[in-house]
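The structure appears right after this line, and notes come after that.
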Amino acid sequence: MTVYENMKLLEERVKKASAYITKLRADNAALKEEIEKLERDIKLITAHNQELQDYVDTYKEDEERLNSSIEASLESLNEVGLDNLDLSDADLETAEEFSAIGGDVVDIAADFDIEL
18 MTVYENMKLL EERVKKASAY ITKLRADNAA LKEEIEKLER DIKLITAHNQ
68 ELQDYVDTYK EDEERLNSSI EASLESLNEV GLDNLDLSDA DLETAEEFSA
118 IGGDVVDIAA DFDIEL
């Protein structure tokens with residue numbers, strides 16, 4: 018090979034290397050943009066997960082409070098001793114009307130197996 022041919026070959030290789038470097042830089046920029054997008058998505062998902070975890074924690078706390086309140090109410094009812102009450106029909110009708118929600122009448126005697 019002549020010096021001229023070697024120079025042409027070298028020039029061709031430099032052009033290819035330059036084009037490859039340009040392509041790599043473009044790929045690198047695209048990958049950086051993708052990383053930034055994914056990082057934003059991760060932050061959004063992390064914030065959403067934290068909101069959901071806070072909701073679950075609050076729900077569990079509320080559930081525990083409700084259970085404690087129900088238990089305390091049941092204990093109070095047990096202390097009052099409502100088991101031995103002698104209720105008349107009028108008393109039960111008044112209780113049914115009082116406990117009716119949205120117009121629904123609840124049959125207390127049937128629900129609690131009380132014989133009248």
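Residue numbers (my numbering): 18 to 133. C-beta atoms are modelled at their ideal positions from N, C-alpha and C, and glycine is treated no differently.
Assigned with DSSP and collapsed to three states, S93 falls in helix. If you check the CB distance, L26 and M18 come in under 9 Å.
In this structure, the straight-line span from the alpha carbon of E113 to that of L91 is close to 20 Å. Taking C-alpha positions only, I62 is separated from K49 by approximately 20 Å. A straight line joining the alpha-carbon of I52 with that of I38 spans about 21 Å. In the displayed model, T39 falls within a helix according to three-state DSSP.
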